[in-house]
DNA sequence: GATATTAATGAAAATGGTTTCTATTAACAA
DNA sequence: TTGTTAATAGAAACCATTTTCATTAATATC
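Protein chains in written order, with the working numbering: chain A, 1359 to 1516; chain B, 1359 to 1516.
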């Protein structure tokens, strides 16, 4: 492993989350989280594999999938499905710089855009809806998914 | 085909949509739409296949997939993904009795519930948001997906 | 109503993203 | 430093969905 043990000293933000769950801090996990935080979102498992592979060719695709599953389950990463058959992953909010957002998906070319400019009304209504649903269905809401589908600028021209 | 040609006389509601697109009216298509409209939503391709198979064993799974794809593309059917890997299909609003709705998905047992009690505020805000997004991103919105994830009543108890 | 055209179908095979299996490696507690 | 055991890599399996191709049947035309 081409990293000194000392570099753990400046522990990354997810260090505690891992230790708290009894999970080990491994190089693949660190590298995968690194790729996710450096690259702008919507990455497929293969995208991540290729990026990781450039630096650590020994890390296999299986580990990418396993690690992503773990990260999703830990709540550090969100998994999305935009209509093509591969799943997409992106870092959850919490690490600096990433905010909660929804997606605009072009049904023609597959382009995905982030939508972060929530208006206050919107956030409040969403909370209200979630509260209402929780009560009515006795359903404990932990998350929501909002996506808008349509045609992006370029695809409209055709 | 065990149906007289006369029965087309009381043309089903989708008749015009098919003819308008130049698509043929076939028994498999009729049967599949029949299953979708008789059964309550969230059916997988296999669910539909099994239901169809009981009455018309000659209709194959391939045709189910092909027909569903066509129906989705025509806008008669919506395709969903609830986290397990199989796609789910349900009739779009338009045929009597089916209203636009969103979904509550239990991340533990996979149960899916429909949420139809939109408040006026909600519908209006959604329109407003879509209008804003269309303008800001020059994106022509044709559809949206809203799902809430969490734990259903039973799964909370455990 | 009979017939030609060609879209639609069924069965089997292929595809491809994801998961499982198993022997090996490495994180970390002692 | 060493033992325990979680984590990993690579190959094989999995399985929902798609493709291929020969056959069938819906519709337009005669």
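Even for Gly, the Cβ is constructed at its ideal location relative to N, Cα and C.
The structure displayed is predicted, hence computed values, not measured ones.
What does residue i reach in chain A if we use C-beta pairs closer than 8 Å?
i               : result
residue 1471(B) : 1495, 1497
residue 1502(B) : 1504, 1505, 1506, 1507
residue 1439(B) : 1439
residue 1480(B) : 1483, 1487
residue 1431(B) : Those within 8 Å of residue 1431(B) in chain A number zero; the least Cβ separation is about 10 Å.
Apply the 10 Å Cβ neighbour rule to residue i and answer buried if 16 or more other Cβ atoms are within range, or exposed otherwise.
i               : result
residue 1362(B) : Its pLDDT being 39, under 50, residue 1362(B) is placed unreliably by the model, and the measurement read from it follows with that caveat. With fewer than 16 other Cβ atoms within 10 Å, it is exposed.
residue 1425(B) : buried
residue 1382(B) : exposed
residue 1508(A) : buried
residue 1466(A) : exposed
residue 1404(B) : exposed
residue 1359(B) : For residue 1359(B), the predicted model reports a pLDDT of 35, less than 50, meaning its position is unreliable and no value from the coordinates is stated.
residue 1515(B) : exposed
residue 1491(B) : buried
residue 1479(B) : exposed
residue 1446(A) : buried
residue 1477(A) : exposed
residue 1367(A) : The predicted model places residue 1367(A) with a pLDDT of 46, which falls under 50 and marks its position as unreliable, so this point remains unresolved.
residue 1379(B) : exposed
residue 1373(B) : exposed
residue 1481(A) : exposed
residue 1439(B) : buried
Identify the contact partners of residue i in chain A, using a Cβ-Cβ distance below 9 Å as the criterion.
i               : result
residue 1467(B) : Within 9 Å Cβ-Cβ: nothing; residue 1467(B) doesn't reach chain A, min ~12 Å.
residue 1422(B) : Those within 9 Å of residue 1422(B) in chain A number zero; the least Cβ separation is about 18 Å.
Of the choices the options, whose alpha-carbon is the least far from that of residue i?
i               : options                            : result
residue 1385(B) : 1397(B), 1370(B), 1507(B), 1509(B) : 1370(B)
residue 1387(A) : 1400(A), 1512(A), 1418(A)          : 1418(A)
residue 1487(A) : 1377(B), 1483(B), 1399(B), 1431(B) : 1483(B)
residue 1470(B) : 1400(B), 1392(B), 1389(B)          : 1400(B)
residue 1511(B) : 1513(A), 1495(A), 1432(A)          : 1495(A)
residue 1413(B) : 1437(B), 1427(B), 1430(B), 1392(B) : 1392(B)
residue 1432(B) : 1489(B), 1513(B), 1376(B)          : 1376(B)
residue 1452(A) : 1442(A), 1436(A), 1415(A), 1485(A) : 1436(A)
residue 1394(B) : 1474(B), 1420(B), 1430(B)          : 1430(B)
residue 1464(A) : 1473(A), 1513(A), 1409(A), 1396(A) : 1513(A)
Give a yes or no on whether the C-beta atoms belonging to residue i and residue j are separated by under 7 Å.
i               : j               : result
residue 1450(A) : residue 1462(A) : no
residue 1504(A) : residue 1460(A) : yes
residue 1402(A) : residue 1457(A) : no
residue 1506(A) : residue 1502(B) : yes
residue 1407(A) : residue 1390(A) : no
Find the residues of chain B that neighbour residue i, judging by a C-beta separation of less than 7 Å, and give them in chain order.
i               : result
residue 1510(A) : 1497
residue 1456(A) : Chain B residues near residue 1456(A): none, gap ~19 Å exceeds 7 Å.
Could you work out which residues of chain A lie near residue i, taking near to mean beta carbons separated by less than 7 Å?
i               : result
residue 1462(B) : 1491, 1495, 1497
Please compile the residues from chain B whose C-beta is within a distance smaller than 9 Å of the C-beta of residue i.
i               : result
residue 1514(A) : 1496, 1497, 1498
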